[in-house]
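Undergrad: Have a look at this one.
Protein chains in written order, with the UniProt record's numbering: chain A, 1 to 121; chain B, 1 to 158; chain C, 1 to 93.
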């Protein structure tokens, strides 16, 4: 695999490595929190580390690397970034609402009850 | 002719990002985007009304900085544990904005910022239920959402 | 020199993302409840996407990007369908 790495300027390599490691370590920290946090509602915060700067850092690294190695502007990775930024809130919100619904159905006291008008209707 | 100009332009941009910036791809992408926006028009979604375009870069900059800041804060919490007074908790905030697009943007901002998650919005009471990972001071969070984001969003989507 | 830096960084990043995937899989198997498993799956596919992008940097090929995009889209749809299933008990109403 090492032979296929195209030579790019040293400063570029350092910048790429920096963003790659930032992204990957934030993803790992998010995953560790994902394992350690005790309740579901705390756990939904952990993956957002990976989906904000985890993906942002790796995306930037990929954009810089391909732009330098092919000597033209390569920015299509930004599509992944936009896509993930827009879809993560949707999935998390749906999951959180499903969890709230299930916890309320079991009369779990640790979650806040439904808003008033829901109960009336 | 073009019911959703913003959608059409972003579809063309996406097409050319994937296929390459050549005249041929531009023509093909424009065709696809125009037909797609016609198809979208038959679904009749609400049109977003953006009043003040010049405030959008400000919003993007604020959100970008906040995401970096809260990434560091949440990473600290996950590695070293919470500060003694901090705890995770639910928080319900009354909102003034009613525009659907503005609400969607606010939901995206709050959820993609680590440390806070948007759980559900009640249309009748106009309140939102948030979950915050490191809740030190409730009023501080309410002030943050209301002053930092909601004011700006209300100006943009008047 | 720059090839060595990139190679090391890519390998380290792949190790870290691989560990993150393993943790997400552990959460997926341990649960304890259905929503925990689904959020584990969600984290798993996002990490798989990141891993593919780093593969792209390591090999210098662009094909991995498209695979990553497809994984992202399918993962999003499946998570939404599963969350909907939890909420209502059926996917299509």
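Don't be surprised by glycine CBs; every beta carbon is placed ideally from N, CA and C. Since we're looking at a predicted model, the values are computed, not measured.
Out of curiosity, what's the CA-to-CA distance linking residue 11 (chain C) and residue 54 (chain C)?
TA: Cα to Cα, residue 11 (chain C) sits roughly 9 angstroms from residue 54 (chain C).
Undergrad: Cβ of residue 86 (chain C) within 8 angstroms of Cβ of residue 31 (chain A)?
TA: No, they are not a contact pair.
Undergrad: Pull up the distance between the alpha-carbon of residue 25 (chain A) and that of residue 13 (chain C), whole angstroms please.
TA: The straight-line gap from Cα to Cα measures roughly 7 angstroms.
Undergrad: Any heavy atom of the ligand HEM closer than 7 angstroms to the CB of residue 9 (chain B)?
TA: What this structure holds is no ligand at all, so the ligand HEM is not there to describe.
Undergrad: Output needed for residue 74 (chain B): all residues of its chain with C-beta closer than 6 angstroms, excluding positions within five of it in sequence on either side, in chain order.
TA: Contacts found: 114, 115.
Undergrad: With 7 angstroms as the C-beta to C-beta threshold (strictly closer), list the residues of the segment 102-124 of chain B near chain A in chain order.
TA: From the segment 102-124 of chain B, only 107, 108, 111, 112, 114, 115, 117, 118, 119, 120, 122, 124 have a Cβ closer than 7 angstroms to chain A.
Undergrad: Figure out for me which residue from B:96, B:147, B:144, B:134 has the closest Cα to the Cα of residue 122 (chain B).
TA: If we check each option's Cα against that of residue 122 (chain B), B:96 comes out closest.
Undergrad: Taking the C-alpha atoms as reference points, what is the distance between residue 3 (chain A) and residue 77 (chain A)?
TA: With a pLDDT of 49 at residue 3 (chain A), under the threshold of 50, the modelled position of this residue cannot be trusted; read the value that follows with caution. Near 24 angstroms, if we compare the C-alpha coordinates of residue 77 (chain A) and residue 3 (chain A).
Undergrad: Could you name the residues of the same chain whose beta carbon sits closer than 6 angstroms to that of residue 65 (chain C), not counting the 5 residues immediately before and after it, in chain order?
TA: Hits under 6 angstroms: 56.
Undergrad: Using only alpha-carbon positions, find the residue among B:156, B:79, B:149 that is nearest to residue 62 (chain B).
TA: The shortest Cα separation from residue 62 (chain B) among B:156, B:79, B:149 belongs to B:149.
Undergrad: What does a CB cutoff of less than 6 angstroms around residue 60 (chain A) pick up in its chain, not counting 5 residues either side in sequence?
TA: Same-chain partners within the cutoff: 19.
Undergrad: Using a cut-off of 8 angstroms between C-beta atoms, extract the partners of residue 69 (chain A) located in chain C.
TA: The contacting residues are 60.
Undergrad: Is it the case that the segment 69-87 of chain C contacts the segment 87-98 of chain A, given that we only count it when at least three CB pairs across the two stretches are under 8 angstroms?
TA: With a cut-off of 8 angstroms, the segment 69-87 of chain C and the segment 87-98 of chain A count as touching, because enough Cβ pairs lie within range.
Undergrad: Give a yes or no on whether 8 angstroms exceeds the smallest Cβ distance from residue 96 (chain A) to chain B.
TA: Yes, residue 96 (chain A) counts as interfacial toward chain B.
Undergrad: Just to confirm my understanding: we take residue 47 (chain A), look at its own chain, exclude 5 residues before and 5 after, and list those with CB closer than 7 angstroms. What are they?
TA: Cβ within range, chain order: 30, 34.
Undergrad: Is it buried or exposed for residue 118 (chain B), if we count other Cβ within 10 angstroms and need 16 for buried?
TA: Its Cβ being crowded by 16 or more others within 10 Å, residue 118 (chain B) is buried.
Undergrad: On the premise that residue 129 (chain B) lies in contact with residue 112 (chain A), defined as a C-beta separation below 8 angstroms, what is that separation, rounded to the nearest angstrom?
TA: With 8 angstroms as the limit, residue 112 (chain A) and residue 129 (chain B) qualify as a contact, their Cβ atoms being about 7 angstroms apart.
Undergrad: By Cβ distance below 8 angstroms, which residues in the same chain neighbour residue 39 (chain C) in space, the five residues on each side in sequence not counted?
TA: Same-chain partners within the cutoff: 27.
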